[in-house]
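**Q** Residues in the sequence shown are numbered from 1 upward in steps of one, following UniProt numbering. By construction, the Cβ of each residue, glycine as well, lies at the ideal position given by its N, Cα and C atoms. As the structure is a prediction and not an experimental result, all values here were calculated from the model. Supplied in C-alpha cells, the structure appears directly below.
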Amino acid sequence: MRLLDLPPIWMAPMAGEAASAALVAAVSAGGGVGQLGAAYLAPARIGEIAADIRARTDRPFGINLFCPQPWLRDDDALDDYLARLAPWHGELGLPAPVRPERFEEDFEAQLAATVAARPAVISFAMGDPGVARVAALKAQGFSVLGTATQVAEGLLLQASGVDAVIAQGFEAGGHRGGFLGSPEGALIGTMALVPQLVDALDIPVIAAGGIADARGVAAAQALGASAVTVGTAFLLVDECPLSPAYRAALLAARDADSTLTRAFSGRAARGVANRVTRELDGVALPAFPQPNAASRPLRQAAAKVGNADFISLWAGQALPVNRTPGTAADLVAALARGWRT
Ligand SMILES: Cc1cc2nc3c(=O)[nH]c(=O)nc-3n(C[C@H](O)[C@H](O)[C@H](O)COP(=O)(O)O)c2cc1C
C-alpha cells in the first residue's frame, strides 16, 4: 500500500539529544522523511526548530509528540528515587538532587506549536489521539500517525482515523510507544508484529524496530510494511549532535548490552546497559515522567563531562548491525537500496 506519497525511508522521531534541525533536515533533504522528536521541547522551541528545518530544506518532515500519560504524583516514591541519584550527583560534583519544579511540557501547547509549524506529518506515541483530534488535524491538511506495539492498539488508532500506524517492535530503541496495559506487556518483535498489523488493518503500516540496513528494509517490505522508520542507525550519522560519551558508548556496545529499563524515566525504554540501568534493576520507581524529570540534571551533567555511566543511552537491538560512518543522506541511500519500488 502506498503511503501518503512520501518516500519509504523515514527517520524515527528521537526526543532528546537527537532532536536537531540539522539532522531532521539532512534526512529529508537526503531523500527520506526526517522527524523531529518534540516530546521534551517547550512549545516555543518546537516553532524555532521547525523554522530552522524549513530554512535548510523544503522537503516534507514530521513532528512527533507523546500523548499525555495518566500518572499520579508520588512524592515519597520520588524522594526514594532522588536518594538513589544522590551518590551519583556526588560523583559528578553536582548539588544534591531535588524534586523538579515541573515534570513535563504542556501537551496542548506543544500540539498548538506543532500545528503552527506546519509539518507534513504529525505522529503520536504512547497514546491514541482520538477521533476528534485526528479529524481536526486531518482537516487542516496534516497526515496523522499513531504508534502501536500490539494489534489492539493498531485497531484503536485506525478507528480514530489515523492515516497510518507505526508498528514498533521489541527491538526498537527508546521508549515503548504503546498505550494498552503496561509498556512491558507487549514485547512483540518487529518480525511478528508487522505482518499481524498488516493483516488486521486497512491502512498502511510503517515498520519500526531493528531495521538498520538494506537487509532490514527489504525484510520489512516483505512483511507488508508500506515504509520503514529507523532510529538508532541515524544516531551515528555526521549530522546527529550526539554527545561524545553517548557516541562512544554506542560504538563500543555489543549485541548483549541492549536492555529494556525503567531506570531513567519510570517507563520501559531500550538502550545500552550502564551503571544506572544495572544498579536500579528491579527497584520500584515512581511513574513516568517523574523520574525522567528528576534524572535530567544528572543525565545532562554526565553528557557534558563525558561520563556514559549516567546517560540514558537509548538505542535498539540492531545497533551493532550498522555503525558505518557517513552522512544522513548516505544512510538514507544505503537503506533505500533495500526497498523495491
Ligand atoms: C534515542 C531515541 C529516542 C527516541 N525518541 C522517540 C520519540 O521521541 N518519539 C517516538 O515516537 N519514538 C522515539 N523513539 C523510538 C523510535 O520512534 C523508533 O521506534 C525506534 O528508534 C525504531 O527502532 P530502532 O531504534 O531499532 O531503529 C526513540 C528512539 C531512540 C533510539
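1) Of all the beta strand (DSSP E) runs that stay within the bounds of the stretch 220-250, which reach a length of 3 or more residues?
2) How big is the Cα-Cα spacing for Ala109 and Arg73?
3) Counting C-beta neighbours from all protein chains within 10 Å, is the total for Pro204 16 or more, i.e. buried, or is it exposed?
4) Ignore the nearest five residues each way along the sequence and tell me which others in Val237's own chain have a CB closer than 8 angstroms to its CB.
5) State yes or no: is the C-beta of Gln35 within less than 8 angstroms of the C-beta of Phe61?
6) Apply the 10 Å Cβ neighbour rule to Ser265 and answer buried if 16 or more other Cβ atoms are within range, or exposed otherwise.
7) Go ahead and pull the three-state DSSP assignment for Ser123.
8) Have a look at Gln290, Ala263, Thr341 and Gly282 and flag the residue whose alpha-carbon is nearest the alpha-carbon of Ile311.
9) Apart from the five residues on each side of it in sequence, which residues of its chain come closer than 7 angstroms, Cβ to Cβ, to residue 381?
10) If we count Cβ pairs, one from each stretch, closer than 8 angstroms, do we get three or more for the stretch 136-154 versus the stretch 195-215?
11) Taking C-alpha atoms, which residue in Leu280, Phe288 and Trp314 lies nearest to Trp71?
12) Please name the residue, chosen from Pro129, Arg299 and Phe179, that lies closest to Gly161 on a Cα-to-Cα basis.
13) Following a CB-centred definition, is Ile49 positioned closer than 7 angstroms to any heavy atom of ligand 1?
14) Run through DSSP, which three-state label would Thr190 get?
15) Give the DSSP-derived three-state secondary structure of Gln196 in the structure shown.
16) DSSP puts Phe66 in a beta bridge; with which residues?
17) If you measure between the beta carbons of Leu193 and Gly169, is that distance less than 8 angstroms?
18) Going by C-alpha to C-alpha distance, which of Arg275, Pro244, Gln196 and Ala233 sits closest to Ala222?
19) Three or more C-beta pairs closer than 8 angstroms, one from the stretch 297-308 and one from the stretch 83-95: is that the case here?
20) Which whole-angstrom value is the C-beta distance of Arg270 and Gly316, which I expect to be below 8 angstroms?
21) Does the Cβ of Pro7 have 16 or more other Cβ atoms within 10 Å, making it buried, or fewer, making it exposed?
22) Measure the C-alpha to C-alpha separation of Thr259 and Ala273 and round it to an integer number of angstroms.
23) Rounded to whole angstroms, how far is the Cβ of Ala21 from the Cβ of Ile53, which I believe are closer than 8 angstroms?
24) Could you tell me which uninterrupted alpha helix (DSSP H) segments, each at least 4 residues in length, are contained entirely in the stretch 273-302, listed from first to last along the chain?
25) Would the beta-carbon of Leu85 fall within 8 angstroms of that of Pro97?
26) Is it buried or exposed for Leu251, if we count other Cβ within 10 angstroms and need 16 for buried?
**A** To lay it out plainly:
1) 227-230
2) Your numbering for residue 109 matches position 109 in the sequence shown. Your numbering for residue 73 matches position 73 in the sequence shown. In a straight line, the C-alpha of Ala109 is about 21 angstroms away from that of Arg73.
3) As a position in the sequence shown, residue 204 is number 204, starting the count at 1. That one is buried.
4) The residue given as residue 237 occupies position 237 in the sequence shown. Hits under 8 angstroms: Leu23, Ala26, Gly326, Thr327, Ala328, Asp330 and Leu331.
5) In the sequence shown, the residue the question calls residue 35 occupies position 35. In the sequence shown, the residue the question calls residue 61 occupies position 61. Going by C-beta atoms, Gln35 is nearer than 8 angstroms to Phe61.
6) Along the sequence shown, read from residue 1 onward, the residue named residue 265 stands at position 265. Buried, since its Cβ has 16 or more Cβ neighbours within 10 Å.
7) Within the sequence shown, numbered from 1, the residue matching residue 123 stands at position 123. Strand at Ser123.
8) Within the sequence shown, the letter at position 311 stands for residue 311. The residue with the shortest Cα to Cα distance from Ile311 is Ala263.
9) Residue 381 lies beyond the residue range present for the chain, which begins at 1 and ends at 341; the question has no answer from this structure.
10) yes
11) Stepping through the sequence shown from its first residue, residue 71 is reached at position 71. Ranking the options by Cα distance to Trp71, first place goes to Phe288.
12) On the sequence shown, residue 161 is found 161 positions in, with the first residue counted as 1. Looking at the Cα atoms, Pro129 is the closest of the given residues.
13) Here residue 49 refers to the residue found at position 49 of the sequence shown. No - ligand 1 has no heavy atom lying nearer than 7 angstroms to the Cβ of Ile49.
14) Your numbering for residue 190 matches position 190 in the sequence shown. Residue state, collapsed to three classes: helix.
15) If you number the sequence shown from 1, residue 196 lands on position 196. DSSP places Gln196 in helix when its eight states are reduced to three.
16) Counting from one through the sequence shown, the residue named residue 66 turns up at place 66. Per DSSP, Ala125.
17) Walking along the sequence shown from the start, residue 193 turns up at place 193. Walking along the sequence shown from the start, residue 169 turns up at place 169. In this structure, Gly169 lies closer than 8 angstroms to Leu193 by Cβ.
18) Position 222 of the sequence shown, counted from the start, is the residue given in the question as residue 222. Looking at the Cα atoms, Gln196 is the closest of the given residues.
19) yes
20) For the purposes of this step, residue 270 is taken as residue 270 along the sequence shown, with counting starting at 1. For the purposes of this step, residue 316 is taken as residue 316 along the sequence shown, with counting starting at 1. The pair is a contact, with the Cβ atoms about 6 angstroms apart (cut-off 8 angstroms).
21) As a position in the sequence shown, residue 7 is number 7, starting the count at 1. So Pro7 counts as buried.
22) Your numbering for residue 259 matches position 259 in the sequence shown. Your numbering for residue 273 matches position 273 in the sequence shown. So the alpha carbons of these two residues sit roughly 6 angstroms apart.
23) Against the sequence shown, residue 21 aligns to sequence position 21. Against the sequence shown, residue 53 aligns to sequence position 53. With a Cβ gap of about 5 angstroms, Ala21 and Ile53 count as contacting.
24) 275-279 and 290-294
25) Here the question's residue 85 lines up with position 85 in the sequence shown. Here the question's residue 97 lines up with position 97 in the sequence shown. In this structure, Pro97 lies closer than 8 angstroms to Leu85 by Cβ.
26) Here residue 251 refers to the residue found at position 251 when the sequence shown is read from its first residue. Its Cβ having fewer than 16 others within 10 Å, Leu251 is exposed.
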